[in-house]
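Undergrad:
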């Protein structure tokens, strides 16, 4: 059986593949948002001085880093509805199960990214903000987070790209994302090469676009930082020239 370009291009522009790709991206976006929110609080807990805050955060990171994401998805879709009757309703869809499951697992890794970014900000920055009369919340929002975001951005982008690929695991819980779409076509036609090749092209296009956007965003933050440095170094030079004249 030879590779049939007609079948390949037909699947490449099919509505099913487009919907599957959009669903994969949607799962990754929701999972990343959930992971970032949970990971932020876990990072705060791990850097806290109180043991009652550190212990749950350490346990969460240890637990979800040890469990495979595939197992979490199976538990979310198969095991939890058996124990929680409310999850047997129609609103609990494979999309919700996949997004929440991947988000819980990813939060363990995002907490480490956020924690390292927060720790990279000098303590003097927070002390200066407190000296100006800012509350701890304002210091975090206006002083620490803007600097930490620039540091956390590259690894966060990599994690998002990883989530796009990990969304393919949701095929085991009947979510018709990109890989499931290809698999359904293969099961019907037994044309492995054409259907899987179309899926590969979609993954490559998605990752390429995301990588481009990530690079642009990183350059924007780097440009802001460099501009601030240029302005800071230019002020003494201007002052010296004014003094000489």
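Residue numbers (the numbering used here): 39 to 283.
We put the beta carbon where it would ideally sit given N, CA and C, even for glycine.
Because the structure is a prediction, the values reported are computed rather than measured.
#1: Taking only runs that begin and end inside the segment 58 to 136, name each unbroken alpha helix (DSSP H) of 4 or more residues, in chain order.
#2: Just to confirm the assignment, what range does the alpha helix (DSSP H) spanning residue 176 have?
#3: Would you check if the distance between the CB atom of residue 135 and the CB atom of residue 114 is smaller than 7 Å?
#4: Does the separation of the CB atoms of residue 144 and residue 208 fall below 7 Å?
#5: May I have the straight-line CA-CA distance separating residue 93 from residue 84, to the nearest angstrom?
#6: May I have the straight-line CA-CA distance separating residue 160 from residue 186, to the nearest angstrom?
#7: Return the chain-ordered list of same chain residues with a C-beta closer than 6 Å to the C-beta of residue 119, the five sequence neighbours on each side being excluded.
#8: Please report the residue range of the alpha helix (DSSP H) in which residue 171 lies.
#9: Identify every run of the beta strand (DSSP E) within the segment 184 to 271, keeping only runs that are complete inside it and at least 3 residues long; order them along the chain.
#10: For residue 251, count neighbouring C-beta atoms within 10 Å of its own C-beta (all shown protein chains included) and say buried if the count is 16 or more, exposed if not.
#11: For residue 181, which residues from the same chain have a beta carbon less than 7 Å from its beta carbon, with the 5 sequence-adjacent residues on both sides left out?
TA: Straight from the coordinates:
#1: 89 to 104, 107 to 112, 118 to 121
#2: 174 to 177
#3: yes
#4: no
#5: 8 Å
#6: 10 Å
#7: 125, 126
#8: Element bounds for residue 171: n/a, residue is neither H nor E.
#9: none
#10: exposed
#11: 163, 164, 167
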